[in-house]
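K.L.:
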Amino acid sequence: MYRIHNLLGKSDYIYISILFILSFSINWIYAKNGVFPIDSFYHYDPGYRIINGELPIKDYWVTTGIFVDFLEALFFYMFGAKWFSHILHASILNGLIAVLVYFLFVKLNLKKIFSFTFALLFGVLAYTSSGTPFVDHHATFLLLAGTIFLVLGIKTNFLSYWFLSPWFFGLSFLCKQVPSSYMIIVSSIILLSYFIIERNKKALYCLISSSILFLFFISLVIFYLDIGFKDFYVQYILYPPSIGEGRLGNFKITFTGFFNHYKFIIIPLLFIILFKIKNFKKDIFQNLLILSFVVCLIFHQILTKNQIYIYFIIPILFGLLEREIYLSKFELKKYISVFSLICLLLITLKYHYRFNEDRKFHELENTNFDYAIPADNLDKKLSGLLWINPFFQGKPIEEISIIKKGITKLNREEDEIMLLTHYLFLDSITKRNLNSPNRSFTTDGASMPSKENKYFNYYKNYFVNKIKNKNIKKVYYFKHENIPQITLTDHLSSDCYDKSEDDIFFVFSIKCSK
Numbered sequence: 027m028y029r030i031h032n033l034l035g036k037s038d039y040i041y042i043s044i045l046f047i048l049s050f051s052i053n054w055i056y057a058k059n060g061v062f063p064i065d066s067f068y069h070y071d072p073g074y075r076i077i078n079g080e081l082p083i084k085d086y087w088v089t090t091g092i093f094v095d096f097l098e099a100l101f102f103y104m105f106g107a108k109w110f111s112h113i114l115h116a117s118i119l120n121g122l123i124a125v126l127v128y129f130l131f132v133k134l135n136l137k138k139i140f141s142f143t144f145a146l147l148f149g150v151l152a153y154t155s156s157g158t159p160f161v162d163h164h165a166t167f168l169l170l171a172g173t174i175f176l177v178l179g180i181k182t183n184f185l186s187y188w189f190l191s192p193w194f195f196g197l198s199f200l201c202k203q204v205p206s207s208y209m210i211i212v213s214s215i216i217l218l219s220y221f222i223i224e225r226n227k228k229a230l231y232c233l234i235s236s237s238i239l240f241l242f243f244i245s246l247v248i249f250y251l252d253i254g255f256k257d258f259y260v261q262y263i264l265y266p267p268s269i270g271e272g273r274l275g276n277f278k279i280t281f282t283g284f285f286n287h288y289k290f291i292i293i294p295l296l297f298i299i300l301f302k303i304k305n306f307k308k309d310i311f312q313n314l315l316i317l318s319f320v321v322c323l324i325f326h327q328i329l330t331k332n333q334i335y336i337y338f339i340i341p342i343l344f345g346l347l348e349r350e351i352y353l354s355k356f357e358l359k360k361y362i363s364v365f366s367l368i369c370l371l372l373i374t375l376k377y378h379y380r381f382n383e384d385r386k387f388h389e390l391e392n393t394n395f396d397y398a399i400p401a402d403n404l405d406k407k408l409s410g411l412l413w414i415n416p417f418f419q420g421k422p423i424e425e426i427s428i429i430k431k432g433i434t435k436l437n438r439e440e441d442e443i444m445l446l447t448h449y450l451f452l453d454s455i456t457k458r459n460l461n462s463p464n465r466s467f468t469t470d471g472a473s474m475p476s477k478e479n480k481y482f483n484y485y486k487n488y489f490v491n492k493i494k495n496k497n498i499k500k501v502y503y504f505k506h507e508n509i510p511q512i513t514l515t516d517h518l519s520s521d522c523y524d525k526s527e528d529d530i531f532f533v534f535s536i537k538c539s540k
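Letter by letter, the sequence shown follows residues 27 to 540 in this note's numbering.
Structure (structure tokens):
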């Protein structure tokens, strides 16, 4: 069993410090380039609303991201509700997870300079693809942390690793239900086999007690915040799987498409298996956990059909491949190692330009950043952001002008209002509560149940009660956003509203709530 003071050597702290600074900095630098409002600010207003007494589930409908909202609130509480705090949140996480990857490689006996290199390349591809706090990234990196602690728990039998793992798995689930659910199920099967074979009772008791403690803590928090357990159960446990039912039914994949997207993950993985084929039983449970993590992420990525963000796996796999090369008896292993590292550098550059430079994850790859303008033209709280939105048909200054005019009109309203918008930062820069019923307003089922969904009536009651309890008199839509108005009209009787418009908004005047 390792003693705590033996976990790292003196030189490790130098590597860790440099690694954290560089990983933090690269995310900080690229986060400022452009916005895809619904994703770039997905947790911005929720974080602001929490520090002002509104809570997810209770005050706005959620399908994912509860823990990310609370983390965002913590950063806003400490540093203010502004762009600086927003990207500080993501940049710190990028630095921390890169450090944890370095720690993994060091504990797997990879040379420190190689551990540093692979962890740094990981940091280049990790959170930077988004730059801003986003639910998939938080969920995945917390899941990665939990997996790393399990691997190290098996390797070292250090009980602290066993204790930490369920907390990171659980927090990953509270960020997003998948891929955490996949990995929880698969790793449970692997660990069951491990405990049957190894009879490691101390680790088993530690894992079980930690899991129970986590569930107790979360239940206590829900109770303390007066969030209804039924609402939590419906919104966060029952409803999200119903979104994926249609996607799973239409699940189709071709070998060519699969290989083209994931070839740089598949190839090093195959080489790792090839190197291990003679002694696969050695470290078998560690190998199975790492393999399961990769497979779960690929499956999740294919099923969600979102922008691919999991290329950060590549440096991890190349790092594990380097370990196998180092342990091998090949006479030319030094040359193989150099060739492998050169390949990884070229691959990292490829995805760096695609996702960091071109901001592909936020749909900005065809955007001319020369037209971007400082977002403090909109509000000083957004200082540091260069505003350009790929979905606005016009110049950035025109979009900002529309938003500013809209804010002025909203601030002049004397009645209680509701704004349905993709600009998920307006609550924090207007002078009034915008009473948004959701975090976002897409109609694909990801934001709220569609009419075909079995939880539609549950959400409809939730929406109507929001209108009634907040005494909402007017509901606003920015005209240029083209948000489908069924986000309102599907949930209120047609005799309960009158529709009008001006140069900026569509306005629904509420006469009743039913």
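Glycine residues also receive a C-beta, built at the ideal position from the N, C-alpha and C atoms.
Every value quoted in this text rests on a predicted model; they were computed, and no experiment measured them.
1. Look at the alpha carbon of K421 and the alpha carbon of Y397, and state the distance between them as a whole number of angstroms.
2. Among R458, I210 and L136, which one has its Cα closest to the Cα of A171?
3. Under the assumption that I113 contacts D95 (Cβ atoms under 8 Å), give the Cβ distance between them as a whole number of angstroms.
4. Measure from the alpha carbon of P192 to the alpha carbon of each residue in L239, L246 and S155, then state which is nearest.
5. Rounded to whole angstroms, what's the CA-CA distance from I399 to F131? Just pull it up for me.
6. Give the straight-line distance between the Cα atoms of N53 and N120, rounded to the nearest whole angstrom.
7. Give me the Cβ distance between L323 and I339, rounded to the nearest whole Å; I'm assuming they're in contact under 8 Å.
8. Can you give me the start and stop residues for the alpha helix (DSSP H) that Y231 sits inside?
9. Report yes or no: do three or more beta-carbon pairs, one from the region 465 to 472 and one from the region 500 to 513, lie closer than 8 Å?
10. Is the Cβ-Cβ distance between L147 and L371 less than 9 Å?
11. Is the CB-CB distance between D71 and D402 below 9 Å?
12. Closer than 7 Å by C-beta to C232: which residues in its own chain qualify, once you throw out the five before and the five after it? Chain order, please.
13. When the Cα of F105 is compared with those of T89, F319 and Y74, which residue comes out closest?
14. Of all the alpha helix (DSSP H) runs that stay within the bounds of the region 338 to 376, which reach a length of 4 or more residues?
15. Does DSSP put Y335 in a helix, in a strand, or in coil?
16. State the start and end residues of the unbroken alpha helix (DSSP H) segment that holds S156.
17. Which same chain residues end up closer than 6 Å to K494 when comparing Cβ atoms and leaving out the 5 residues on each side of it in sequence?
18. Please classify D524: does DSSP put it in a helix, a strand, or coil?
19. Per the DSSP calculation, L176 is bridged to which residue(s)?
20. Taking a contact to mean a Cβ-Cβ separation below 9 Å, would you say E439 touches K500 in this structure?
21. Taking E450 and F67 to be in contact with their CB atoms under 8 Å, please state how far apart those CB atoms are, rounded to whole angstroms.
22. Taking the straight line between their C-alpha atoms, what separation do you get for E442 and K480?
23. To the nearest angstrom, how far is it from the Cα of V107 to the Cα of G91?
24. For F301 and K137, what's the separation of their Cα atoms in angstroms?
25. Terminal residues of the continuous beta strand (DSSP E) containing F101?
26. From the DSSP secondary-structure annotation, give me the bridge partner or partners of F532.
27. Measuring only the C-alpha atoms, how far is V533 from Y523?
28. Looking only at DSSP bridge pairs, what is Y86 linked to?
29. Using the Cβ count rule (16 or more neighbours within 10 Å means buried), how would you classify I414?
30. If you run the structure through DSSP and keep just helix, strand and coil, what is N459?
P.N.:
With the given structure in hand:
1. Stepping through the sequence shown from its first residue, residue 421 is reached at position 395. Stepping through the sequence shown from its first residue, residue 397 is reached at position 371. Approximately 7 Å, taken between the alpha carbons.
2. As a first step, residue 171 must be located in the sequence shown, where it is residue number 145. Of the listed residues, the one whose Cα sits closest to A171 is I210.
3. As a working note, residue 113 is residue 87 in the sequence shown. As a working note, residue 95 is residue 69 in the sequence shown. That belief does not hold up - the Cβ atoms of I113 and D95 are roughly 16 Å apart, past 8 Å.
4. Here residue 192 is taken as the residue at index 166 of the sequence shown, counted from 1. Measuring from the Cα of P192, the nearest candidate turns out to be L239.
5. Taking the sequence shown and counting its residues from 1, the one referred to as residue 399 is at position 373. Taking the sequence shown and counting its residues from 1, the one referred to as residue 131 is at position 105. Distance between the alpha carbons of I399 and F131: 42 Å.
6. As a position in the sequence shown, residue 53 is number 27, starting the count at 1. As a position in the sequence shown, residue 120 is number 94, starting the count at 1. Looking at the two C-alpha atoms, the distance is approximately 7 Å.
7. On the sequence shown, residue 323 is found 297 positions in, with the first residue counted as 1. On the sequence shown, residue 339 is found 313 positions in, with the first residue counted as 1. Contact holds; Cβ gap of about 7 Å.
8. Locating residue 231 in the sequence shown gives position 205, counting from the first residue. First-last of the alpha helix (DSSP H) with Y231: K227 to Y250.
9. yes
10. Residue numbering aside, residue 147 sits at position 121 when the sequence shown is read from its first letter. Residue numbering aside, residue 371 sits at position 345 when the sequence shown is read from its first letter. It is a contact, given that the beta carbons lie within the stated cut-off.
11. Reading the sequence shown from its first residue, position 45 is the one you call residue 71. Reading the sequence shown from its first residue, position 376 is the one you call residue 402. For D71 and D402, no; Cβs fall outside 9 Å.
12. Start at 1 with the first residue of the sequence shown, and residue 232 comes out as number 206. L185, W188 and F189, listed in sequence order.
13. Here residue 105 refers to the residue found at position 79 when the sequence shown is read from its first residue. Looking at the Cα atoms, Y74 is the closest of the given residues.
14. 339 to 353
15. As a first step, residue 335 must be located in the sequence shown, where it is residue number 309. If DSSP states are grouped into helix, strand and coil, Y335 belongs with coil.
16. For the purposes of this step, residue 156 is identified with residue 130 of the sequence shown, where counting begins at 1. No alpha helix (DSSP H) holds S156; DSSP gives it neither H nor E.
17. Locating residue 494 in the sequence shown gives position 468, where the first residue counts as 1. Excluding sequence neighbours, K494 sits near S539.
18. Along the sequence shown, one-based indexing puts residue 524 at 498. Strand at D524.
19. Locating residue 176 in the sequence shown gives position 150, counting from the first residue. Answer is none; L176 lacks a bridge partner.
20. Your numbering for residue 439 matches position 413 in the sequence shown. Your numbering for residue 500 matches position 474 in the sequence shown. Yes, these two residues count as a Cβ contact at 9 Å.
21. Counting from one through the sequence shown, the residue named residue 450 turns up at place 424. Counting from one through the sequence shown, the residue named residue 67 turns up at place 41. The sequence shown places Leu at residue 450, not Glu. At roughly 4 Å, the Cβ-Cβ gap stays under 8 Å, so L450 and F67 are in contact.
22. The residue labelled residue 442 in the question sits at position 416 within the sequence shown. The residue labelled residue 480 in the question sits at position 454 within the sequence shown. About 31 Å.
23. The count along the sequence shown starts at 1 and reaches residue 107 at position 81. The count along the sequence shown starts at 1 and reaches residue 91 at position 65. Reading off the sequence, residue 107 comes out as Ala, not Val. Going from the Cα of A107 to the Cα of G91 covers about 18 Å.
24. Along the sequence shown, one-based indexing puts residue 301 at 275. Along the sequence shown, one-based indexing puts residue 137 at 111. Each residue's Cα considered, the two are about 19 Å apart.
25. Within the sequence shown, numbered from 1, the residue matching residue 101 stands at position 75. Premise fails: F101 lies in the alpha helix (DSSP H), I92 to F105, not in any beta strand (DSSP E).
26. Your numbering for residue 532 matches position 506 in the sequence shown. Note: F532 sits in a beta bridge opposite Y503 and E527.
27. As a position in the sequence shown, residue 533 is number 507, starting the count at 1. As a position in the sequence shown, residue 523 is number 497, starting the count at 1. Roughly 10 Å separates the two Cα atoms.
28. Locating residue 86 in the sequence shown gives position 60, counting from the first residue. Partner(s): P82.
29. The count along the sequence shown starts at 1 and reaches residue 414 at position 388. I414 is buried by the Cβ-count criterion.
30. Your numbering for residue 459 matches position 433 in the sequence shown. DSSP places N459 in coil when its eight states are reduced to three.
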